[in-house]
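Here the structure comes first, spelled out in structure tokens, and everything after it is commentary.
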Amino acid sequence: MKKTVLSLTLAASVLALGACSGGDSKAIVTSKVGDISVEQFNETAKTLAGSAVLQQLVAEKVLASKYDVTDKEIQARYDDYASQYGDGLKDMLAQSGLNEESFKNNYLRLEVLQDKALKDQAIKEEDVKKHYEQMKTELNGRHILVADEKTANEVIAKIKGGASFADVAKEYSTDTGSAEKGGELGWFSVGAMVDEFNDAAYALPLNTLSEPVQSSFGYHVIEITEKRDVKDVGSFKDEEENIRTTMLAKLMNTGEGQQILKDIVAKMAKDADIKTSDKDLKPAIEAITTTSEDQAKAAEEKDQDTKK
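Under my numbering, the very last position in the sequence shown is 525; numbers go up by exactly one each time.
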């Protein structure tokens, strides 16, 4: 799974904050124009990045209370990054004041914890089993993509009235890649299409027009013309972890995945009764313990109060 190095500055801030003791008047920097005390440094660091750093530390602590991470897993994640970025990885880390060890301890450990939480709580067993059953079969099909449901029903009526699928696709479909080929998509397997299309296609009997299928691209009219078995699919036990990894990668490429992760951490932090005595950091704790459901409820209550 390819990854992008994120939050390196944040990780560096964790190191910086952790290295100093608050309230210390001793100088951390001396110069002819004046010294900077440990206390000054900590206060400034807290103002600039304290909330984000605190939330990262809280997230790691609550996730680590439920999930274990081994050095082997962290090393494997580091090797993924090294494979992706090559010699450039060390330069990227150095620019953020990090080395291999600090990157592993202050970023990769949390990343592995987050992945474990999502695999455990966001990916349902029934969805994994459905994916496994679908991966045993490849489909050959065609589709017509239009902007709205009314047009999709018009397309269906024309085909059922005797017009050829290919001619209607060329006339109506906004998918330029397939329209010129009469809507033909060729052979595809599970996960190649967006979820709504994928599930509708796998549920269709051969040579049967679908009802309008809505996705982020518009409305699809789908027809599956051939099916064939996929060779060398292992047992569910053999394939399960790879399926979960594939589903996780897809989930994390969406805003939905980030929101689910935020809600997982928020619920765990709330259950752990996370609090702080620092008034400046209380908003950060409030933010990390608030789920999207809490936000929606608060917004609804505010709206009701406004209408009164």
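Heads up, the beta-carbon is just placed ideally off N, CA and C, and yes, glycines get one too.
Here the structure is a predicted model, which is why all the values come from computation and not from measurement.
Quick check on this structure: which residue in the options has the alpha carbon closest to the alpha carbon of residue i?
i: A266; options: L498, S319, A504; result: L498
i: Y284; options: I502, D337, K243; result: D337
i: L356; options: E342, F405, D308, V246; result: F405
i: V188; options: V250, R294, L274; result: The chain is shown only over 218 to 525; residue 188 falls outside these bounds and no answer can be derived.
i: A299; options: T471, K519, E317; result: E317
i: D446; options: Y349, K487, K484, A417; result: Y349
i: I502; options: T261, S254, Q272; result: Q272
i: E290; options: E328, G303, T506; result: E328
i: Y436; options: N370, E517, T261; result: N370
i: A396; options: G403, L402, A386; result: A386
i: E458; options: K333, D297, S282; result: K333
i: D495; options: A417, G399, S268, G408; result: S268
i: K444; options: F434, D455, L423, K454; result: L423
Leaving aside the five residues before and after residue i along the sequence, list all residues of the same chain whose C-beta is less than 8 Å from its C-beta, in chain order.
i: L232; result: Reliability of the predicted coordinates at L232 is poor, the pLDDT of 47 falling under 50, and the value obtained from them is presented with this limitation in mind. The residues are G314, L315, S319, N323.
i: L426; result: I373, I376, K377, V438, I439, E440
i: D480; result: T508, S509, E510
i: I460; result: V345, H348, Y349, M352
i: K524; result: none
i: G472; result: none
i: L335; result: L465, L468, M469, G474, I477, L478, I481
Grab me the residues of residue i's own chain with a C-beta within less than 7 Å of its C-beta, minus the 5 sequence neighbours each way, in chain order.
i: G394; result: none
Please tell me whether residue i and residue j are closer than 9 Å, where the distance is taken between their beta carbons.
i: M464; j: D344; result: yes
i: E510; j: P429; result: no
i: F258; j: V246; result: yes
i: A244; j: L330; result: no
i: S390; j: F414; result: no
i: M526; j: V250; result: Because the chain in this structure spans residues 218 to 525, residue 526 falls outside the shown range and cannot be described.
i: M352; j: V286; result: no
i: I531; j: D412; result: Residue 531 lies beyond the stretch modelled for the chain, which goes from 218 to 525, so this question has no answer here.
i: R294; j: L325; result: yes
i: T354; j: Y419; result: yes
i: K321; j: Q301; result: no
Specify, as a first and last residue, the run of the beta strand (DSSP E) that residue i falls within.
i: L378; result: First, the amino acid is wrong: residue 378 is Gly here, not Leu. Counting along the chain, G378 falls outside any beta strand (DSSP E), and DSSP gives it neither H nor E.
i: G305; result: Not the beta strand (DSSP E): G305 falls in the alpha helix (DSSP H), residues 305-312.
i: V363; result: 354-363
So, for residue i: in the same chain, excluding its five sequence neighbours on each side, which residues have a beta-carbon less than 6 Å away from its beta-carbon?
i: D522; result: none
i: A339; result: I477
i: G239; result: Its pLDDT being 47, under 50, G239 is placed unreliably by the model, and the measurement read from it follows with that caveat. The answer, listed in chain order, is N259.
i: E517; result: none
I need the boundaries of the alpha helix (DSSP H) containing residue i, first residue and last residue.
i: N322; result: First-last for N322: undefined, no H or E at that position.
i: I245; result: Careful: I245 lies outside any alpha helix (DSSP H), inside the beta strand (DSSP E) at 244-246.
i: K336; result: 326-338
i: I491; result: Run containing I491: none; DSSP gives neither H nor E here.
Are the C-beta of residue i and some C-beta of chain C separated by less than 9 Å?
i: V286; result: Included in the structure is just one protein chain, with no chain C present.
Practice item. Entirely within the region 395-476 and at least 3 residues each: give me those beta strand (DSSP E) ranges in chain order. Key: 401-405, 430-432, 435-446
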